[in-house]
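Student:
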Amino acid sequence: MNRTFIKDLAEHVGESVLIKGWVSVRRDQGKMVFFDFRDMTGEVQGLVTPKSAAMEVAKQTDRESAVAVTATVQARPEKNAQADKMNGGIELLIEAIEIVSPSGVLPFEISEDTSGINEEVRLAYRYLDLRSERMQRNIRLRSQLVQKCREYLFAQHFTEIETPLLTESTPEGSRDFVVPSRLHPGKFYALPQSPQQYKQLLMVGGFERYFQIARAVRDEDLRADRGFEHTQVDIEMSFVTQEDIMHTVEEMVTTAVEAMGFTIKEKPFPRFTYAEAMEKFGADKFDLRTPEDKEKGILAYAWVHRFPFFEKTSDGAWTFTHNPFSMPIPEHIEQLLAKKDVGEILTTQYDLVCNGYEAGGGSIRAHKPEILKAVYEIMGYSEEGTQERIGHMLTAFGFGAPPHGGIALGVERLVMNLTGESHLREVQAFPMTRGGQTSVMKAPKPLTHEQLDELGIQIKPPKKHE
Numbered sequence: 407m408n409r410t411f412i413k414d415l416a417e418h419v420g421e422s423v424l425i426k427g428w429v430s431v432r433r434d435q436g437k438m439v440f441f442d443f444r445d446m447t448g449e450v451q452g453l454v455t456p457k458s459a460a461m462e463v464a465k466q467t468d469r470e471s472a473v474a475v476t477a478t479v480q481a482r483p484e485k486n487a488q489a490d491k492m493n494g495g496i497e498l499l500i501e502a503i504e505i506v507s508p509s510g511v512l513p514f515e516i517s518e519d520t521s522g523i524n525e526e527v528r529l530a531y532r533y534l535d536l537r538s539e540r541m542q543r544n545i546r547l548r549s550q551l552v553q554k555c556r557e558y559l560f561a562q563h564f565t566e567i568e569t570p571l572l573t574e575s576t577p578e579g580s581r582d583f584v585v586p587s588r589l590h591p592g593k594f595y596a597l598p599q600s601p602q603q604y605k606q607l608l609m610v611g612g613f614e615r616y617f618q619i620a621r622a623v624r625d626e627d628l629r630a631d632r633g634f635e636h637t638q639v640d641i642e643m644s645f646v647t648q649e650d651i652m653h654t655v656e657e658m659v660t661t662a663v664e665a666m667g668f669t670i671k672e673k674p675f676p677r678f679t680y681a682e683a684m685e686k687f688g689a690d691k692f693d694l695r696t697p698e699d700k701e702k703g704i705l706a707y708a709w710v711h712r713f714p715f716f717e718k719t720s721d722g723a724w725t726f727t728h729n730p731f732s733m734p735i736p737e738h739i740e741q742l743l744a745k746k747d748v749g750e751i752l753t754t755q756y757d758l759v760c761n762g763y764e765a766g767g768g769s770i771r772a773h774k775p776e777i778l779k780a781v782y783e784i785m786g787y788s789e790e791g792t793q794e795r796i797g798h799m800l801t802a803f804g805f806g807a808p809p810h811g812g813i814a815l816g817v818e819r820l821v822m823n824l825t826g827e828s829h830l831r832e833v834q835a836f837p838m839t840r841g842g843q844t845s846v847m848k849a850p851k852p853l854t855h856e857q858l859d860e861l862g863i864q865i866k867p868p869k870k871h872e
């Protein structure tokens, strides 16, 4: 007999079916045993009557065991059907139960909201935590959002292209996670903080409209809405203006979230310059919702643009505020090339904010070598230092590089907005702990002596704190 998914059982009233899934609830009432079963499509109640051949197994079947159940689908009494939140007006009259895989005693209760469970315990048993209703909903909603974004982008003639995970270390931005090379002892790859340079090179390569559901890895301080790893809807477009990109992204986000049943507070998204945002809200990330909007789960998107290009470091040098590959606003290009009044130069950076979070950020890019070189000169790089870091980009821009720009939208941040969650870990399948330890597995941990020898690495003992 072929498996029937629980959501389709109503089509088989009066028929014998085979379902497979997990036991959510078992209620042993002596003469009869009641079960709630679930699979990835829904839940259904089943019962074992006194004369059923399944009675002996039913009394030995523990909650959360994986089972295969043969049963007849029957209509429930009307009064019970109305109160049944699981599967309308049907139930299963169980004929046989096969315990495919028994479950031990659960380390915590997963039939309730697990957000209050100790973080280390939750993540050590993350595979159980993921069975909870809230986590199932969050992760499936994340998948649905990504699917809707993909569908929109394909319809707009974008090409999905993967970029490398092993790349070159770039000192700008956050700290890199580095990977030692066995074939090149003493040298290291870096995991990408973003596909920034590769997607710009794809524009030089003539693809014009690129996107990727990209993994980004950054060694930065962990907090509720930021982790070592995140996923982004990464987009780049050629022969476009800032207005073109903002319109495309706004239409994609609107199309996706409204198709999923969510309500957007204001369309088109309101826009604020960085100066206006700081004056009005005191920050460039803000929440435009009223208390009533929050209760209704409304999404309040807005754009922030015209950011300062540069800011001072602690030692008095200039560094970029968002991205060194950005283009200044048109009226400030000559000012940047002359390296005058650096603190007043504005960039074509634009951020999408929603419900108090930054949901994404992008810019029109510098596609002319002299502009990118000037940015690095302002930041104090010598000609040699600039060539070492971005010489390949300067070379590429000498071969008919089109004007281009793009954006990266954080998938986790977008899903946090949709779910109302305030912690990144609630919308990731296997997040890290606040201490930087992996879920379930035990990383980071030492390498063996054999591994270190093969890589030519020696580990210094940790410094003693006096």
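First residue of the sequence shown? That's 407 in the working numbering, and the numbers climb one at a time after it.
C-beta: ideal position from N, C-alpha, C; glycine also.
Which ranges does the alpha helix (DSSP H) cover as unbroken runs of at least 4 residues, wholly within the stretch 715–755, from first to last along the chain?
Tutor: The qualifying runs are 739–744.
Student: Identify whether F687 lies in helix, strand or coil by the three-state DSSP scheme.
Tutor: Within the sequence shown, residue 687 is the residue found at index 281, counting from 1. F687 falls in the helix class under three-state DSSP.
Student: Going by beta carbon distance, what residues of the same chain come within less than 7 Å of T573, once the five residues before and after it are set aside?
Tutor: Sequence index remark: in the sequence shown, residue 573 carries index 167 (1-based). The residues are Y595, A596 and P598.
Student: Taking T637 and E818 to be in contact with their CB atoms under 8 Å, please state how far apart those CB atoms are, rounded to whole angstroms.
Tutor: Locating residue 637 in the sequence shown gives position 231, where the first residue counts as 1. Locating residue 818 in the sequence shown gives position 412, where the first residue counts as 1. Correct: roughly 7 Å between the Cβ atoms.
Student: If you reduce the DSSP assignment to three classes, tell me which class P797 lands in.
Tutor: The residue you call residue 797 lines up with position 391 of the sequence shown. Strictly speaking, residue 797 in this sequence is Gly, with Pro absent from that position. In this structure, G797 counts as helix in the three-state DSSP scheme.
Student: For the alpha helix (DSSP H) containing P697, name the first residue and the last one.
Tutor: One-based indexing of the sequence shown puts residue 697 at position 291. Looking at the DSSP string, the run of the alpha helix (DSSP H) that includes P697 is P697 to K702.
Student: CB-CB under 6 Å to D519, same chain, minus the five flanking residues each way: which ones, in chain order?
Tutor: Stepping through the sequence shown from its first residue, residue 519 is reached at position 113. Contacts found: R540.
Student: Use the C-beta contact count for T754: other C-beta atoms within 10 angstroms, 16 or more gives buried, fewer gives exposed.
Tutor: Within the sequence shown, the letter at position 348 stands for residue 754. Burial call: buried.
Student: Quick check on the DSSP output: the alpha helix (DSSP H) that includes A665 runs from which residue to which?
Tutor: Position 259 of the sequence shown, counted from the first residue, corresponds to residue 665. Its alpha helix (DSSP H) spans residues Q648 to A665.
Student: Quick one: what does DSSP say Q435 is sitting in, helix, strand or coil?
Tutor: Taking the sequence shown and counting its residues from 1, one reaches residue 435 at position 29. Q435: coil per DSSP, three-state reduction.
Student: Contact between the stretch 553–573 and the stretch 618–627 is defined here as three or more beta-carbon pairs at a separation below 8 Å; is this criterion met?
Tutor: yes
Student: Roughly how many angstroms separate the alpha carbons of Q648 and L529, rounded to a whole number?
Tutor: On the sequence shown, position 242 is the one that residue 648 refers to. On the sequence shown, position 123 is the one that residue 529 refers to. Q648 and L529: Cα-Cα distance of roughly 41 Å.
Student: On a Cα-Cα basis, can you pick out the residue from A802, V419 and K848 that is closest to G612?
Tutor: By 1-based counting over the sequence shown, the position of residue 612 is 206. Comparing Cα-Cα distances from G612 to each of A802, V419 and K848, the minimum goes to A802.
Student: Near D757, what residues of its chain come up, given a Cβ to Cβ distance below 6 Å and the 5 sequence neighbours on each side ignored?
Tutor: As a first step, residue 757 is located in the sequence shown; it is residue number 351 there, counting from the start. Closer than 6 Å at Cβ, skipping near neighbours: V710, E764 and G767.
Student: Looking only at its own chain, which residues have a Cβ that is under 6 Å from the Cβ of M461, when we skip the five neighbours before and after it?
Tutor: Along the sequence shown, one-based indexing puts residue 461 at 55. The residues are V454.
Student: Are V475 and L498 closer than 8 Å when you measure CB to CB?
Tutor: The sequence position of residue 475 within the sequence shown is 69, counting from 1. The sequence position of residue 498 within the sequence shown is 92, counting from 1. Result yes, Cβ atoms of V475 and L498 sit closer than 8 Å.
Student: Going by CA-CA distance only, name the one from S580, S430 and S458 that's closest to D445.
Tutor: Translated into the one-based positions of the sequence shown, residue 445 becomes position 39. Of S580, S430 and S458, the residue nearest in Cα terms is S430.
Student: Which class does P591 belong to by DSSP, given the choice of helix, strand or coil?
Tutor: As a first step, residue 591 must be located in the sequence shown, where it is residue number 185. Reduced to three states, the DSSP call for P591 is coil.
Student: From G436 to A464, what does the alpha carbon distance come to, in whole angstroms?
Tutor: Here residue 436 corresponds to residue number 30 of the sequence shown, with the count starting at 1. Here residue 464 corresponds to residue number 58 of the sequence shown, with the count starting at 1. Rounded to the nearest angstrom, the two C-alpha atoms are 11 Å apart.
Student: Nearest to Y365 by CA position, among V833, I739, A723 and R537, is which residue?
Tutor: An answer regarding residue 365 cannot be provided, because it is not within the stretch 407 to 872 covered by the chain.
Student: What runs of the alpha helix (DSSP H), each 4 residues or longer, lie entirely inside the stretch 443–527?
Tutor: 461–464 and 484–489
Student: Could you give the residue range of the alpha helix (DSSP H) that holds V781?
Tutor: On the sequence shown, position 375 is the one that residue 781 refers to. Boundaries of the alpha helix (DSSP H) around V781: P775 to I784.
Student: What residue range does the beta strand (DSSP E) around L815 cover?
Tutor: By one-based count along the sequence shown, residue 815 stands at place 409. Element bounds for L815: H810 to G816.
Student: Buried or exposed: where does G688 fall if 16 or more other Cβ atoms within 10 Å of its Cβ makes it buried?
Tutor: Within the sequence shown, residue 688 is the residue found at index 282, counting from 1. The residue is exposed, with fewer than 16 neighbouring Cβ atoms inside 10 Å.
Student: Three Cβ pairs or more, each shorter than 8 Å: is that satisfied between the stretch 416–428 and the stretch 468–483?
Tutor: yes
Student: List the DSSP bridge partners of S644.
Tutor: Along the sequence shown, read from residue 1 onward, the residue named residue 644 stands at position 238. For S644, which the question treats as bridged, DSSP gives the partners H810.
Student: What's the call for V511, buried or exposed, on a 16-neighbour Cβ count within 10 Å?
Tutor: Your numbering for residue 511 matches position 105 in the sequence shown. Exposed.
Student: Okay, do the stretch 501–517 and the stretch 821–835 touch, 3+ Cβ pairs below 8 Å being the bar?
Tutor: Touching, no.
Student: Please report the Cβ distance between M609 and H810, rounded to the nearest whole angstrom; I am assuming they are in contact, meaning their Cβ atoms lie under 8 Å.
Tutor: Translated into positions along the sequence shown, residue 609 becomes position 203. Translated into positions along the sequence shown, residue 810 becomes position 404. Indeed, because the Cβ distance is near 4 Å, the residues count as touching under 8 Å.
Student: Let's see if you can read the secondary structure: which residues bound the alpha helix (DSSP H) around Q553?
Tutor: Taking the sequence shown and counting its residues from 1, one reaches residue 553 at position 147. Counting along the chain, the alpha helix (DSSP H) containing Q553 begins and ends at E539 to A561.
Student: Leaving out five residues on either side along the sequence, give the residues of the same chain with a beta carbon under 8 Å from the beta carbon of K426.
Tutor: One-based indexing of the sequence shown puts residue 426 at position 20. Contacts found: R409, D445, A472, V473, A474, V475 and V506.
Student: Name the DSSP bridge partner or partners of K848?
Tutor: On the sequence shown, residue 848 is found 442 positions in, with the first residue counted as 1. Its beta-bridge partners do not exist; DSSP assigns none.
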